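S.K.: Residue numbers (our numbering), protein chains in the order written: chain A, 11 to 309; chain B, 2 to 433; chain C, 59 to 227.
The C-beta atom is built at its ideal place from N, Cα and C for all residues, glycine as well.
It should be emphasised that the depicted structure is a prediction, and the values quoted were computed from it without experimental measurement.
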Ligand code: NA
Ligand code: NA
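1) For residue 27 of chain A, which of helix, strand or coil comes out of DSSP?
2) Going by CA-CA distance only, name the one from A:162, A:14, A:209 that's closest to residue 186 of chain A.
3) For residue 101 of chain B and residue 74 of chain A, I'd like the C-alpha separation in whole angstroms.
4) Run down chain C in chain order and give the residues with a C-beta less than 8 Å from the C-beta of residue 1 of chain B.
5) Taking only the alpha-carbon atoms, compute the straight-line gap between residue 199 of chain A and residue 131 of chain C and give it to the nearest angstrom.
6) Touching or not, the segment 89 to 107 of chain C and the segment 345 to 364 of chain B, by the rule of three or more beta carbon pairs under 8 Å?
7) Since residue 341 of chain B and residue 164 of chain B should fall inside the 8 Å C-beta cutoff, what is the C-beta to C-beta distance between them, to a whole number of angstroms?
8) Check residue 27 of chain B in the structure and name its three-state DSSP category.
9) Any chance the CB of residue 157 of chain B is under 8 Å from a heavy atom of ligand 1?
10) Helix, strand or coil for residue 154 of chain A per DSSP?
11) Give the range of the alpha helix (DSSP H) segment to which residue 207 of chain A is assigned.
12) Quick one: is residue 1 of chain B buried, meaning 16 or more other Cβ sit within 10 Å of its Cβ, or exposed?
13) Tell me whether residue 107 of chain B counts as near ligand 2, meaning its Cβ is closer than 8 Å to at least one heavy atom of that ligand.
14) Does any CB atom of chain E fall closer than 9 Å to the CB of residue 66 of chain B?
15) Would residue 9 of chain B be called buried (16 or more neighbouring beta carbons within 10 Å of its own) or exposed?
16) Using the Cα positions of residue 217 of chain A and residue 7 of chain B, report the straight-line distance between them to the nearest angstrom.
17) What span of residues does the beta strand (DSSP E) with residue 172 of chain B cover, start to end?
18) Is it true that the CB of residue 293 of chain A sits closer than 9 Å to the CB of residue 157 of chain A?
19) Restricting to Cα atoms, I'd like to know which of A:131, A:234, A:69 is closest to residue 208 of chain A.
20) How about residue 274 of chain C: is its C-beta nearer than 9 Å to some C-beta of chain B?
21) Any idea what DSSP makes of residue 81 of chain A, helix, strand or coil?
22) What do you get for residue 279 of chain A, buried or exposed, if any count of 16 or more other CB atoms within 10 angstroms of its CB means buried?
23) Whole angstroms is fine: what's the gap from residue 195 of chain B's alpha carbon to residue 194 of chain C's?
24) Using a cut-off of 7 Å between C-beta atoms, extract the partners of residue 173 of chain A located in chain B.
25) Here's a check: name, in chain order, each residue in its chain whose Cβ is nearer than 6 Å to the Cβ of residue 220 of chain A, leaving out the five neighbours to either side.
26) Within 9 Å (strictly less), CB to CB, does residue 87 of chain C reach chain B?
27) Based on the DSSP output, what are the partners of residue 439 of chain B in its beta bridges?
28) Just to confirm before moving on: does the CB-CB distance between residue 80 of chain B and residue 162 of chain C stay below 9 Å?
29) Looking at chain C, is there any beta carbon in it that lies within less than 9 Å of the beta carbon of residue 251 of chain B?
30) With contact counted as at least three CB pairs below 8 Å, one residue from each stretch, are the segment 30 to 38 of chain A and the segment 242 to 249 of chain A in contact?
31) Do the CB positions of residue 63 of chain A and residue 294 of chain B come within less than 9 Å of each other?
32) Taking a cut-off of 6 Å, which residues have a beta-carbon closer than that to any heavy atom of ligand 2, in chain order?
33) Kindly examine ligand 1 and report whether one of its heavy atoms sits closer than 8 Å to the Cβ of residue 111 of chain B.
34) Taking the C-alpha atoms as reference points, what is the distance between residue 146 of chain B and residue 88 of chain C?
35) How about residue 115 of chain B: is its Cβ closer than 8 Å to a heavy atom in ligand 1?
36) Between A:57, A:300, A:152, A:305, which lies nearest to residue 99 of chain C when the distance is taken from Cα to Cα?
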């Protein structure tokens, strides 16, 4: 049997490379009983269409950014809450805490959760130097979902909605002055061509997860299911390792290309703590008991 | 075997449906259904809904109807007439005369709009009626418009470049800069051809305008003020950081309304007529875009373009051989798919082979854009052809005959670009 | 059948309003951003406006003959055969777009049952903006069916715009 799989990022990204390795593992471990044909760069299904596309069986298996589902249920935003998890170890703990809850939710939607792999910790890209929250006054800061919009607001910046495709132009011409995203996205888009400063604030580590249509999964023989789960386990471990490696590499690449790669300035760090506390409280309010369960499980 | 069967099914289905006089968008959707049913196990009704929504509710696409509306507003003002009257004494004695307005107009408009359909529709709405009334041959007016309209993709900003940049992980800013010189080169080539054609076909152009004293010529230049103001306003809004490239289209609409108001051609009736006209033109283009998106989705699931590209990539050709074979492949593909689809469906397969023979990805991007420009003007599926059919009522094949020379110029541009890669890379090296 | 024509034109007017709305929205967004503020999810709203504008205008565009078809072969046919070809083309399109309307309805119905919400700054149930797609595609299929019937009855199918047709010739 051959499954088409929709991968989120373009080919050069380590997350997609991890997915391709996962596909190889599945073929190997199942002795060719299940082949996965990976199509990268969200060509088969765009990010907003991925989850329901897998639900509906358009593709049997797909990869999606977990926090993209945050508007559907706030509990999916756990890995986008600032400073809840800032290192890879914490990200792993957060994942272990949230996984059972997601599994249950996805099962209700007819989906099986296989594994997740993290993006690098999110940093702040600015076209000027900043020292603390006050330097964000009046800065037009890119917002693409409720939590980034709230973050911009709490920083005192002006949230600005800019489509992904227009980021480089918007920066070059000054439509926006700042954004928050991972160093690997910065490298993918060659951020040094349009932005000068990168602050490694390690705000949070978003993750992509791989989900399978329940009907397609149930149609597999027990041996193949085992092979799939085994490959998923390997992919998760490898994904975390690759992410850690990619983070260092990407940060260095930006510095090598002349960007000012800087640690969080002290003033900003303390302001950020306050903002994170506010946002965590707000998230807990929205995510309710399940959110509390995740936070409790982490400590 | 499967690849050839699939190619044959696609070509035959599409040609038969189009030949029967089925509406283009409907024929594309039906061909997509056939491919889905025969060559994939995907639930076709589910993917249809997804595709229709994902491709109609698109932020970047909003610039298209807005620019078309801008063109409709301006069409109802004196702007076009003034523009041509103002320019006539200056270019009227050049071989080809005012036909060069198509080239320059598209070149300037391309610096605002990222799409070739918007460029062709907007400039054509203004220039075609004027050229016709001044006695320029259709062949010259229509051919040069269709050719120059493709510049919308090459001269920054460009939607296709953004799509390529993301897929191939190449800096969009570098691609934008790399497109400038090839864009100007193509303008020069188009203008050169117009001049030569006009020399050889004196019947196709009106008699040269009588000489006019310099004072009168300068006085007439004032008639260009509204156009210049609009261009500065729209381009300026982008580079001043007031608006993104997509948002600039709304500035264009506002500017056109201001021009219409000052020219006293703005009233409730013209406002409504321009709005309704723009709505229908964008629905016309929208239906074809949606059909093309659905067929593209069928191709992405069946994997046909990817498999073909893989065959070429795996053939172990040298850099020059690879480019030659890819050009033929892309031109053929361009007959049945639109430009963005070609980039989306083939980039990830072709890039490793391109990198393996040491081709610069920025250079390849520019090469790809020029080849994709050809797809805009080749039948049966060519967006510029449809836009011009809608503007003039002429048939696709009539229009195709008129654009053959401009297609050949695009081929020449690919040859020049391959022989002198610096055309694309020099400016990038100078500025970054 | 005048009733359907009014319906198509009414939807065309809604489509035009939608396009006007996009322009107003984007201009307000530019203005607000200059003043240090913004309309949350303006990009989503504009995109949805475009979807509505395209779909709602499909039938009105058809009855004015503005949708593109390749008629070269048709023009070579003798009158009777050409008429039959026209009927077949319209009937084929009616069936095809009928299925499209059905599939789109299924998709939007699913958005509703799955409680799909937008992923941008403002969470909106997606079946609201998607309803325009349903209305537009259903009427588009109806317009093709009406066209088939008119062709069979020998009635005119394309009404000329009372406003300028605006052809470049
Ligand atoms: Na352009
Ligand atoms: Na073509």
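M.R.: Taking the definition as stated:
1) One-based indexing of the first chain puts residue 27 of chain A at position 17. Here residue 27 of chain A sits in helix by DSSP.
2) Reading the first chain from its first residue, position 176 is the one you call residue 186 of chain A. That would be A:162, whose Cα lies nearest to the Cα of residue 186 of chain A.
3) Position 100 of the second chain holds residue 101 of chain B. Position 64 of the first chain holds residue 74 of chain A. Near 50 Å, if we compare the C-alpha coordinates of residue 74 of chain A and residue 101 of chain B.
4) Here chain B has residues from 2 to 433 only, and residue 1 of chain B is not among them.
5) What you label residue 199 of chain A is simply residue 189 of the first chain in a count that begins at 1. What you label residue 131 of chain C is simply residue 73 of the third chain in a count that begins at 1. Cα to Cα, residue 199 of chain A sits roughly 48 Å from residue 131 of chain C.
6) no
7) Looking up residue 341 of chain B in the second chain gives position 340. Looking up residue 164 of chain B in the second chain gives position 163. The Cβ separation is near 6 Å, so the contact holds.
8) Translated into positions along the second chain, residue 27 of chain B becomes position 26. In the structure shown, residue 27 of chain B sits in a helix (DSSP, three-state: H, G or I).
9) Against the second chain, residue 157 of chain B aligns to sequence position 156. Result yes, Cβ under 8 Å from ligand 1.
10) In the first chain, counting from the first residue as 1, residue 154 of chain A sits at position 144. The answer is coil: DSSP assigns residue 154 of chain A none of H, G, I, E or B.
11) Counting from 1 along the first chain, the entry for residue 207 of chain A is found at position 197. Looking at the DSSP string, residue 207 of chain A is not in any alpha helix (DSSP H); the run it does join, the beta strand (DSSP E), is 207 to 210.
12) Because chain B here runs from 2 to 433, residue 1 of chain B falls outside it and cannot be looked at.
13) Locating residue 107 of chain B in the second chain gives position 106, where the first residue counts as 1. For ligand 2, not one heavy atom lies less than 8 Å from the Cβ of residue 107 of chain B.
14) In the structure shown, chain E cannot be found, because the protein chains are A, B and C.
15) For the purposes of this step, residue 9 of chain B is taken as the residue at position 8 of the second chain. Counting Cβ neighbours within 10 Å, residue 9 of chain B comes out exposed, since fewer than 16 surround it.
16) As a position in the first chain, residue 217 of chain A is number 207, starting the count at 1. As a position in the second chain, residue 7 of chain B is number 6, starting the count at 1. Rounded to whole angstroms, residue 217 of chain A to residue 7 of chain B spans 38 Å at the Cα level.
17) What you label residue 172 of chain B is simply residue 171 of the second chain in a count that begins at 1. Counting along the chain, residue 172 of chain B falls outside any beta strand (DSSP E), and DSSP gives it neither H nor E.
18) On the first chain, residue 157 of chain A is found 147 positions in, with the first residue counted as 1. On the first chain, residue 293 of chain A is found 283 positions in, with the first residue counted as 1. A contact, by the Cβ cut-off of 9 Å.
19) As a working note, residue 208 of chain A is residue 198 in the first chain. Of the candidates A:131, A:234, A:69, the one whose C-alpha sits nearest the C-alpha of residue 208 of chain A is A:131.
20) In the structure displayed, chain C extends from 59 to 227; residue 274 of chain C sits before or after that span and is not available.
21) Stepping through the first chain from its first residue, residue 81 of chain A is reached at position 71. Residue 81 of chain A falls in the coil class under three-state DSSP.
22) The residue labelled residue 279 of chain A in the question sits at position 269 within the first chain. That one is exposed.
23) On the second chain, position 194 is the one that residue 195 of chain B refers to. On the third chain, position 136 is the one that residue 194 of chain C refers to. Their backbone Cα atoms lie some 44 Å apart in a straight line.
24) Residue numbering aside, residue 173 of chain A sits at position 163 when the first chain is read from its first letter. Residues of chain B passing the Cβ test: 60, 61.
25) Numbered from its first residue, the first chain carries residue 220 of chain A at position 210. For residue 220 of chain A, where only same-chain residues beyond five positions count, the Cβ hits under 6 Å are 73, 124, 125.
26) To locate residue 87 of chain C, count along the third chain from 1; it is residue 29. Taking Cβ atoms only, chain B reaches closer than 9 Å to residue 87 of chain C, which makes this a yes.
27) Outside the displayed range of chain B (2 to 433) lies residue 439 of chain B, so it cannot be described from this structure.
28) The sequence position of residue 80 of chain B within the second chain is 79, counting from 1. The sequence position of residue 162 of chain C within the third chain is 104, counting from 1. Cβ distance not < 9 Å, so residue 80 of chain B and residue 162 of chain C don't count as in contact.
29) Along the second chain, read from residue 1 onward, the residue named residue 251 of chain B stands at position 250. Output row for residue 251 of chain B: interface = yes.
30) yes
31) As a working note, residue 63 of chain A is residue 53 in the first chain. As a working note, residue 294 of chain B is residue 293 in the second chain. Taking 9 Å as the Cβ cut-off, residue 63 of chain A and residue 294 of chain B do not qualify as a contacting pair.
32) B:335, B:336, B:376, B:379, B:382, B:383
33) The count along the second chain starts at 1 and reaches residue 111 of chain B at position 110. Residue 111 of chain B: yes, Cβ under 8 Å from ligand 1.
34) Indexing the second chain from 1 puts residue 146 of chain B at position 145. Indexing the third chain from 1 puts residue 88 of chain C at position 30. The straight-line gap from Cα to Cα measures roughly 32 Å.
35) Against the second chain, residue 115 of chain B aligns to sequence position 114. Correct: residue 115 of chain B has its Cβ closer than 8 Å to ligand 1.
36) Mapped onto the third chain, residue 99 of chain C falls at position 41. Ranking A:57, A:300, A:152, A:305 by Cα distance to residue 99 of chain C puts A:152 first.
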